[in-house]
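**Student:** One structure is given below, represented as structure tokens, and several questions about it will come after.
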Amino acid sequence: MKLSPLSLLLALGAAAPAAAQTLYSINGPAATITEQTGPGLGPCGYPAGPGIGAFPTVVAYPCPTVPAFAAPPALPGDVAVDRVANLIWATNGFIVTAYTPAGGAVNSFPLAPALPPGFLPVTGMGHDAVAGVLWLSSAIGACAILPPPAPGCGPLPIVVVPPFPLPAATAPHTDIDWDPSTGSLFVASAIPGMVANVLPGGAPGPFGIFPAGAPCALGPLTGLAVDHAAPAGTATLYVSDGALVARTMFPGVPAPPTFYSPAPCFPVVFPPSSGLAFSAHGIAYGPATPPGVLALSGIGQSVSPNPAFAVLTTGAPIASTVLVYYSATFTCPPIPFGANLINIGIAPPPTFLGAGPGGAPVTIPAPLPPFLPIPGGVYLQSVAVTGGGAILMSNGMEISFARP
Numbered sequence: 120m121k122l123s124p125l126s127l128l129l130a131l132g133a134a135a136p137a138a139a140q141t142l143y144s145i146n147g148p149a150a151t152i153t154e155q156t157g158p159g160l161g162p163c164g165y166p167a168g169p170g171i172g173a174f175p176t177v178v179a180y181p182c183p184t185v186p187a188f189a190a191p192p193a194l195p196g197d198v199a200v201d202r203v204a205n206l207i208w209a210t211n212g213f214i215v216t217a218y219t220p221a222g223g224a225v226n227s228f229p230l231a232p233a234l235p236p237g238f239l240p241v242t243g244m245g246h247d248a249v250a251g252v253l254w255l256s257s258a259i260g261a262c263a264i265l266p267p268p269a270p271g272c273g274p275l276p277i278v279v280v281p282p283f284p285l286p287a288a289t290a291p292h293t294d295i296d297w298d299p300s301t302g303s304l305f306v307a308s309a310i311p312g313m314v315a316n317v318l319p320g321g322a323p324g325p326f327g328i329f330p331a332g333a334p335c336a337l338g339p340l341t342g343l344a345v346d347h348a349a350p351a352g353t354a355t356l357y358v359s360d361g362a363l364v365a366r367t368m369f370p371g372v373p374a375p376p377t378f379y380s381p382a383p384c385f386p387v388v389f390p391p392s393s394g395l396a397f398s399a400h401g402i403a404y405g406p407a408t409p410p411g412v413l414a415l416s417g418i419g420q421s422v423s424p425n426p427a428f429a430v431l432t433t434g435a436p437i438a439s440t441v442l443v444y445y446s447a448t449f450t451c452p453p454i455p456f457g458a459n460l461i462n463i464g465i466a467p468p469p470t471f472l473g474a475g476p477g478g479a480p481v482t483i484p485a486p487l488p489p490f491l492p493i494p495g496g497v498y499l500q501s502v503a504v505t506g507g508g509a510i511l512m513s514n515g516m517e518i519s520f521a522r523p
């Protein structure tokens, strides 16, 4: 197998101190999906954020997409992320729609004809990208469906795991997510701060029932997301009560801080929110020099493997050359280089990833092989050099390696 230069950072990635990731949530009354990071902390205020972007769920499409719905304490509504196809799934409890990160609908279908009477409305949703199925929770239990092929709008989903009961001790349940590292499901409870772990079919999972959200004093949970960039088998989760998010781990303690989530508690950017979902999108940090010109971002999600992952540089002037470098570390504060600022570590020297001509967006392929270390990550920065010798530098971008 031919590996990208990023794969050569296997050993360095295992020692990288941070994980880049974002969270999606949905505001039902506003019919809006929001992507955010934890607020920047520390002397440099890394990462950038907390708000990254948002888009409406009601969009032009051949059939209905997710409409507005009631805010918590109403139970229905959630989001889920397909980290392989880079899609965001959303539901109001009765309709499911898949969106691109830019907000375009690509699939939509109703749930009612496919699910047995009494199961609806759906209160939670999680995605298993390897199997291609959506896990659904409701007030009476959980099941899994295979969505119809895009564009939907007629064919029904296929129920691949029939409905099964969830623990009565944590009912009613408000969200669900799949953990590929343990082959189990985590479900959030409307009981403040309580989480249950079950196997497909409803048998108790390896973590049982435990409190989550300390020390954030969360109310009834409205959202839950497995941290797929955390060490396997640690039950590292994000949980939310619609106003605050906590990053927690079994048996109910704060998870260690990361580059993305330096604080154990942080606010939802557009409350009240329903649902929570993890993505492995890269996150920006540090300044571009000169400000607002050269910008670096990711294409796709940094799951291992992802042969289609790439990085995108925009804003480079005509007759310039764009060069992209990466490092196992970042700088805080940025290191001056003439009139510019270096955002990635320089000891050991950064590794060259690729180059392209300016004057248009520059895409550099960075395919990610299987079996990259999780947790692990790298930091990237673009440099544009003009024909006259002027230098421009982009923001920094951190990516983490995550499970699909």
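Residue numbers (the working numbering): 120 to 523.
The beta-carbon is built from N, C-alpha and C at its ideal position, and this holds for glycine as well.
1. Could you spell out the range, first to last residue, of the beta strand (DSSP E) harbouring D298?
2. Can you tell me which residues form a DSSP beta bridge with D201?
3. Taking the alpha-carbon positions, what's the P373 to P489 distance?
4. Straight-line CA distance for M120 to S446?
5. On a CA-only basis, which of L340, F378, T219, P240 is nearest P162? Give me that one, please.
6. How far does the beta strand (DSSP E) with P476 in it reach, from first residue to last?
7. Which same chain residues end up closer than 6 Å to P284 when comparing Cβ atoms and leaving out the 5 residues on each side of it in sequence?
8. Please say whether G515 and L491 have beta carbons closer to each other than 8 Å?
9. Output needed for A149: all residues of its chain with C-beta closer than 6 Å, excluding positions within five of it in sequence on either side, in chain order.
10. Would you call I518 buried or exposed, if buried means 16 or more other Cβ atoms sit within 10 Å of its Cβ?
11. For the beta strand (DSSP E) containing F385, list its first residue and its last residue.
12. Spatial neighbours of G371 within its chain, please: CB distance less than 7 Å, with the 5 preceding and 5 following residues excluded, ordered by chain position.
13. Quick check on A287: does DSSP put it in helix, strand or coil?
14. So, helix, strand or coil for V72, using DSSP?
15. Express the C-alpha separation of L442 and G477 in angstroms, rounding to a whole number.
16. Who does F397 pair with in a DSSP beta bridge?
17. Applying the criterion that 16 or more other CB atoms from any shown protein chain within 10 Å of the CB defines a buried residue, is A179 buried or exposed?
18. Could you compute how far the alpha carbon of A466 sits from the alpha carbon of T450?
19. How is P323 classed by DSSP in three states: helix, strand or coil?
20. In three-state DSSP terms, what is P229?
21. Taking 8 Å as the cut-off, does the stretch 172-187 touch the stretch 407-427 (at least 3 CB pairs, one atom from each stretch)?
22. Determine the direct distance from the alpha carbon of L318 to that of P386, and round the result to whole angstroms.
23. With a Cβ-Cβ cutoff of 8 Å, do A199 and L253 count as a contact?
**Tutor:** Looking at the atomic coordinates:
1. The sequence position of residue 298 within the sequence shown is 179, counting from 1. Here the beta strand (DSSP E) through D298 covers 292-298.
2. Numbered from its first residue, the sequence shown carries residue 201 at position 82. Paired residue(s): L206.
3. Along the sequence shown, one-based indexing puts residue 373 at 254. Along the sequence shown, one-based indexing puts residue 489 at 370. Computed Cα separation, rounded: 29 Å.
4. Walking along the sequence shown from the start, residue 120 turns up at place 1. Walking along the sequence shown from the start, residue 446 turns up at place 327. For M120, the predicted model reports a pLDDT of 31, less than 50, meaning its position is unreliable; a value from the coordinates is still stated below. Each residue's Cα considered, the two are about 23 Å apart.
5. Counting from 1 along the sequence shown, the entry for residue 162 is found at position 43. When only C-alpha atoms are compared, the closest one is F378.
6. Translated into the one-based positions of the sequence shown, residue 476 becomes position 357. Residues 470-476.
7. The residue labelled residue 284 in the question sits at position 165 within the sequence shown. Answer for P284: G260, G321, listed in chain order.
8. What you label residue 491 is simply residue 372 of the sequence shown in a count that begins at 1. What you label residue 515 is simply residue 396 of the sequence shown in a count that begins at 1. No; because the gap between Cβ atoms is not below 8 Å, this pair is not in contact.
9. As a position in the sequence shown, residue 149 is number 30, starting the count at 1. The answer is none, since no qualifying residue turns up.
10. On the sequence shown, position 399 is the one that residue 518 refers to. Answer is buried; the Cβ neighbour count reaches 16.
11. Taking the sequence shown and counting its residues from 1, one reaches residue 385 at position 266. In the DSSP assignment, F385 falls within the unbroken beta strand (DSSP E) covering 384-386.
12. Reading the sequence shown from its first residue, position 252 is the one you call residue 371. Hits under 7 Å: F329, P330, A331, A333.
13. Within the sequence shown, numbered from 1, the residue matching residue 287 stands at position 168. Of the three classes helix, strand and coil, the one that applies to A287 here is helix, per DSSP.
14. The first residue shown for the chain is 120 and the last is 523, placing residue 72 beyond what the model contains.
15. Residue mapping note: residue 477 aligns to position 358 of the sequence shown, counting from 1. Residue mapping note: residue 442 aligns to position 323 of the sequence shown, counting from 1. If I take the Cα positions, the gap works out to 10 Å.
16. Sequence index remark: in the sequence shown, residue 397 carries index 278 (1-based). DSSP links F397 through a beta bridge to L142.
17. Residue mapping note: residue 179 aligns to position 60 of the sequence shown, counting from 1. Result: exposed.
18. Residue mapping note: residue 466 aligns to position 347 of the sequence shown, counting from 1. Residue mapping note: residue 450 aligns to position 331 of the sequence shown, counting from 1. Approximately 10 Å, taken between the alpha carbons.
19. By one-based count along the sequence shown, residue 323 stands at place 204. Of the three classes helix, strand and coil, the one that applies to P323 here is strand, per DSSP.
20. Taking the first residue of the sequence shown as 1, we reach residue 229 at position 110. In this structure, P229 counts as strand in the three-state DSSP scheme.
21. no
22. Taking the first residue of the sequence shown as 1, we reach residue 386 at position 267. Taking the first residue of the sequence shown as 1, we reach residue 318 at position 199. Looking at the two C-alpha atoms, the distance is approximately 31 Å.
23. Your numbering for residue 199 matches position 80 in the sequence shown. Your numbering for residue 253 matches position 134 in the sequence shown. Yes, the pair counts as a contact, with Cβ atoms nearer than the cut-off.
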